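If you count the sequence shown from 1, you need to add 67 to reach this note's numbering.
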Amino acid sequence: MASEQIIEEKKQGQALVTEQIKGNSKKLFIESYGCQMNMNDSEIVAAVLAKEGYNTTNILEEADLVLVNTCSIREKAELTIRKRLQKYNRVKMDSNRKMKIGVLGCMAERLKTKFLEEEKMVDLVVGPDAYRDLPNLLKEVEDGNDAINVILSKDETYGDLSPVRLNSNGVSAFVTITRGCDNMCTFCVVPFTRGRERSRDPKSILEEAQDLWNKGYKEITLLGQNADSYLWYGGGLKKDFKKASEIAQATSVNFAQLMEIVAIALPKMRIRFATSNPHDMHIDVLHMIAKYKNICNYIHLPVQSGSTRILQKMNRQHTREEYIKLIDNIRNIIPDCAISHDIITGFCSETEEDHQDTLSLLDYVKYSFGFMFTYSERPGTLAEKKMEDDVPLAIKKRRLTEIITKQMEHSLYRTQEQVGKTMEILIDGTSKKNENEWKGRNSQNTVAVFPKTGSEKIGDFVMVKITNCTSATLLGELVF
Ligand code: SAH
Ligand code: F3S
């Protein structure tokens with residue numbers, strides 16, 4: 068586990084670059100902050116705009132259109148984006164060009180028209196369900212108007228759009244399967260910025276996965292804010308399922324079934340998924356992971372807190388004991404499964420005893436990885452309206468340090484456990500530190516590096532014997 072990965076918000080967005088399309092003369096600089104879903108959405112945006120004559124660039128100064136795909140999850144994420152907008156504005160002023168600036172994603176949805184008032188240089192504000200409308204909105208902007216579309220959709224899943232793969236290594240890709248979230252955790256802004264949950268047609272998911280395989284991809288991650296909650300019954304919101312199924316007597320496909328469909332159709336494609344809310348994770352999913360070799364033995368299972376009292380205040384819909392039961396089931400059904408977590412420390416009213424419960428849960432599970440945060444109050448959430456953000460920042464930070472320290476010990480323990488084993492690694496590039504070495508990941512999602520021998524290439528599955536490790540990386544050699 069890279070420690071910097073877990074401590075700070077990403078300070079830098081990722082400027083995304085695609086294959087250049089001949090004849091496209093306009094230049095798009097698109098940058099993504101936040102979750103994997105945002106990355107995948109930016110790929111959808113690039114696909115929409117490629118049809119409008121845009122090629123991507125990673126040089127801000129030469130862009131005709133600058134888009135930033137934003138994150139609202141914590142206050143710091145929003146502050147980082149505000150700073151970025153100032154930077155774009157300076158470039159716009161200096162270059163004296165008719166560069167247009169647009170804000171996409173969760174901040175666009177959360178702030179809506181306020182954005183145009185607060186950030187004078189912003190021309191375009193587009194929420195996560197309105198990317199199909201970008202060509203019309205751009206026409207508005209060209210006519211000299213501000214343009215805004217932030218309406219959340221009941222149906223939008225972008226199912227029929229093929230994302231242009233940005234910054235791709237040609238090996239792994241994301242495939243979105245659900246959008247939105249119905250869980251209403253009291254700390255979380257996502258249900259407000261991404262709307263109600265809806266699932267994508269399994270046929271279009273399968274087509275996209277097949278297309279990726281045909282293009283040489285070897286690994287896909289099925290993405291959703293709440294992937295395990297996937298439910299296809301012919302379209303529409305998940306909350307309307309019961310009504311619709313009564314009327315249409317529709318047959319449905321749940322997440323475990325979807326995984327099986329994909330695993331059987333593409334038996335050599337590695338399949339991952341994210342994210343799982345423990346409350347929505349059905350035991351059938353565990354059996355599917357165990358049954359199919361190509362579904363990876365890795366589950367990201369955010370817990371947020373080890374205290375049942377805090378979990379209830381967070382509206383997480385499960386107790387500490389139920390979560391432990393789920394962990395035990397995972398260990399029994401998939402013995403070599405890696406598990407990772409998200410934890411929020413310092414949520415409203417969290418006591419030292421609650422914090423100790425989180426630490427003891429960490430000791431029980433000994434997670435392989437973790438993403439750990441101090442609680443950040445978000446406007447509009449139930450916690451902001453009804454609870455007091457009463458844990459002082461210094462205490463939040465001290466608790467976070469204790470959690471991170473423990474996690475680092477456990478990460479080392481989990482990586483050391485793998486030394487001596489021989490495992491399948493999917494090569495995804497050359498090691499950053501040594502050009503004579505490959506890097507790749509095992510099924511459990513741990514990075515491995517090993518010397519090149521000359522007969523293998525990026526995208527190959529190879530067998531590697533692990534001889535040593537650091538806390539985050541396995542070191543090994545190829546076996547034939
Ligand atoms: N759908 C995922 C969570 C998506 S948000 C789930 O079921 O858990 C990613 C992570 O950000 C969350 O798991 C949580 O740990 C963190 N997070 C969300 N809101 C936060 C807030 N207000 N303050 C601090 N961290 C937060
Ligand atoms: Fe947020 Fe909870 Fe959904 S953390 S994304 S409301 S599962």
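Backbone N, C-alpha and C fix where the C-beta goes; we use that ideal spot for every residue, glycine too.
Note that the structure is a prediction, hence the values are computed from the model and not measured.
Got a sec? Which residues, its chain only, sit under 6 angstroms from residue i by beta carbon, not counting five neighbours each side?
i, result
"K500", "none"
"N535", "L542"
"L393", "P345"
"S510", "C363, N364"
"V320", "P269, W299"
"E327", "M355"
"E223", "D196"
"Y297", "I244, T245, S266, F322, L325"
"K167", "L132, D190, V208"
"K93", "G120, Y121, D131"
"D409", "P369, F438"
Looking only at its own chain, which residues have a Cβ that is under 8 angstroms from the Cβ of residue i, when we skip the five neighbours before and after it?
i, result
"V546", "T489, M530, V531, K532"
"R426", "It is Leu, not Arg, that sits at residue 426 in the sequence shown. Once the five neighbours on either side are set aside, the close Cβ partners of L426 are G373, E469, I470, K473."
"E523", "I494, W505, V529, L545"
"R199", "V115, E223, Y225, L228"
"A515", "M490, I492, K506, G507, R508, N509, V531, I533, T540, L541, L542, G543"
"L353", "N396, I397, I400, I401"
Residues in its own chain within less than 7 angstroms of residue i by CB, not counting five upstream and five downstream?
i, result
"T448", "T253, F254, C255, V256"
"L467", "T412, M439, T441"
"L493", "V238, K285, E286, R337, G507, R508, F528"
"G526", "G237, V238, G283, K285, I494"
"I73", "Legend: pLDDT at I73 = 41, less than 50; position of this residue unreliable, no value from coordinates given."
"I62", "Past the boundaries of the shown model lies residue 62; the chain is included only from 68 to 547, so the question cannot be answered."
"G226", "R267, D268, S271"
"N595", "Shown here, the chain extends from 68 to 547; a query on residue 595 therefore has no answer."
"D424", "G373, S374, R387"
"S478", "M68, S435, F436, S538, A539"
"K187", "none"
"L460", "none"
When we look at the beta-carbon of residue i and count the other beta-carbons within 10 Å, is it buried (16 or more) or exposed?
i, result
"L333", "buried"
"T537", "exposed"
"A69", "The predicted position of A69 is uncertain, since its pLDDT is 37 and thus under 50; a value taken from the coordinates is nonetheless stated next. Exposed."
"L171", "buried"
"A276", "buried"
"Q153", "exposed"
"H349", "exposed"
"M106", "buried"
"R339", "buried"
"Y480", "exposed"
"P258", "buried"
"G194", "buried"
"A82", "buried"
"G291", "buried"
"E71", "Confidence at E71 is low in this model, with a pLDDT of 35, below 50, so its placement is unreliable and no value can be given for it."
"D278", "exposed"
"R177", "buried"
"E98", "buried"
"S109", "buried"
"E502", "exposed"
"I140", "buried"
To which residues does DSSP link residue i through a beta bridge?
i, result
"S407", "H367, F436"
"C536", "L541"
"N122", "K94"
"T468", "In the DSSP output, where bridge partners are listed per residue, T468 has none listed."
"L171", "N136, V193"
"V514", "R508, T540"
"F528", "L493"
"I331", "In the DSSP output, where bridge partners are listed per residue, I331 has none listed."
"N321", "L298"
"E286", "S239, R337"
"R267", "Beta-bridge pairing links R267 to no other residue."
"R246", "R265"
"S99", "Q81, N136"
"I88", "I88 pairs with nothing; no bridge assigned."
Fully enclosed by the region 189 to 243, which alpha helix (DSSP H) runs are 4 residues long or longer? 201 to 209
To test your reading of the DSSP string, which unbroken alpha helix (DSSP H) runs of 4 or more residues are found completely within the region 371 to 406? 375 to 380, 387 to 400
In the region 104 to 159, which residue ranges form an unbroken beta strand (DSSP E) of at least 3 residues, counting only runs that do not cross its ends? 121 to 123, 132 to 137
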